[in-house]
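Below is one structure, written out as structure tokens, with a few remarks after it.
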């Protein structure tokens, strides 16, 4: 895929606070890219700089190789959908969607055709004359997306657009948004703090914290191969254990040595190990090197979350098998379930 947007060493200060600390990022054509991180990490500021609502203190924003950081928003080939949809309450659905086209003084017949296409795309056929204030949150969000897409931007920017929806509608809209992005074939840049949302919709996830990019990768890479403790902790549940890399493919933690699939660390190198709760299996204590006692059992709907105390630490296990509190168990896992990373402070 061709590079569409390039962010080069972006920094941004608000008064005496630095909110972006050297952001380098490439966004490609037809990509669904998500900026993911906790509140205050800089993801929305990054989006607003791409949109033209903020200017960076330093660095460049390139669009198809052309520097645009000084261009006003209306001269950029991007449109933005906000969490608060900013629909015009005095206009019906049709007029809200057609607003940008009317500003451009397009032919009325062309406007009717384009608005009709957008209504079909977002599943709101027949809603053209409706009062937008009487629509549900999900329907209003679809109108906002249609209004943005009808102008045929090269990039659609979405700033936590599902944040105001309830859980069920939110999940439905996640599927719909990915479908819309694939159908219109343009680049989506999406901002969220919701890990599940990012993993389920994105081609590329950019994990941010404290104004810096922590990791860029596919959802699978971000989940299975976190580069540091922050990513491992923020994306899903993790058991993070201090360890020593004895040599390539052999790691030691909790007084035991385990084969792994990682290499490239120094011999006897201090490292950290990530073990996802769903990768741990409870077995008879005699069949495992790590042994402990069940201390807490919580039913989560599709699995149990079980806390197992060893003489070194507490491990979290996700399993469909129930275990009674007080039961002695062993913990086993496969070499590929062990992910070795540099310790905190080394990145």
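Numbering (UniProt numbering), first residue to last: 1 to 347. A virtual CB, placed ideally from N, CA and C, is assigned to each residue, including glycine.
For the options 337, 271, 257, 66, the alpha carbon positioned closest to that of residue 289 is the one of 257. Burial check for residue 114: the Cβ neighbour count within 10 Å reaches 16 or more, so the residue is buried. By the Cβ criterion, the segment 34–44 is in contact with the segment 184–194, since at least three pairs of Cβ atoms, one from each stretch, lie closer than 8 Å.
Segment contact: the segment 265–285 against the segment 328–337, three or more CB-CB distances shorter than 8 Å; contact assigned. The C-beta of residue 56 has 16 or more other C-beta atoms within 10 Å across all chains shown, which makes the residue buried.
Note on geometry: alpha-carbon atoms of residue 4 and residue 248 lie some 39 Å from one another. Residue 226 is classed as buried because its beta carbon has at least 16 other beta carbons within 10 Å across all chains shown.
Per DSSP, reduced to three states, the secondary structure at residue 228 is coil, with no helix or strand assignment.
Here residue 120 is exposed, its C-beta having fewer than 16 other C-beta atoms within 10 Å. For residue 118, the uninterrupted alpha helix (DSSP H) run begins and ends at 108–121, by DSSP.
The Cβ atoms of residue 62 and residue 8 lie closer than 8 Å to each other.
Considering only 322, 293, 64, 291, the residue with the shortest C-alpha distance to residue 302 is 322. With the rule of 3 Cβ pairs closer than 8 Å, the segment 166–175 does not count as touching the segment 207–221.
Contact between residue 143 and residue 97 holds, with the beta-carbon distance rounding to 6 Å and staying under 8 Å.
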